[in-house]
């Protein structure tokens, strides 16, 4: 048996030209059909008010000194009576008011 001739044979080559042609045709079909496909989802959006909400840039400054006095903006409160006062103040200010 002659093994020299066995190794000299050419290996088969893979021709990818038909594969590329088919892929380009599929890509062209996809590009043509995609703009015609539309997906519509019914969503219920909340209706907003017609008046614009005014922006509030209020800021509250809260301080406490060593004598247990609480200062909110320009008013002074005693530490012992502050819980009752705090309930009244919480109704006065908006919950989104910034505190410094």
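Numbering (this note's numbering), first residue to last: 17 to 116.
Here a beta-carbon is modelled for each residue, glycine too, at the ideal position from N, C-alpha and C.
If you're wondering where the values come from, they're calculated on a predicted model, not measured in any experiment.
- Query: Under 8 Å, do residue 59 and residue 115 count as touching if we go by C-beta distance?
  - Reply: no
- Inter-residue spacing [alpha-carbon to alpha-carbon] between residue 84 and residue 74: 25 Å
- Using beta-carbon positions only, say whether residue 88 and residue 105 come within less than 8 Å of one another. yes
- Task: Provide the residue(s) that pair with residue 94 in DSSP beta bridges, ordered along the chain.
- Result: 85
- Chain-order list of residues whose beta-carbon lies under 6 Å from that of residue 80 (same chain, five-residue window excluded): 86
- Inter-residue Cα distance where the pair is residue 42 and residue 30: 21 Å
- Query: Got a sec, what are the start and stop residues for the beta strand (DSSP E) residue 32 sits in?
  - Reply: Taken as a continuous stretch (DSSP letters only), residue 32 belongs to no beta strand (DSSP E), as it is neither H nor E.
- Item | Whole-Å CB distance - residue 101 paired with residue 93, under 8 Å assumed | 5 Å
- Item | Span separating the alpha-carbon of residue 39 from that of residue 53 | 21 Å
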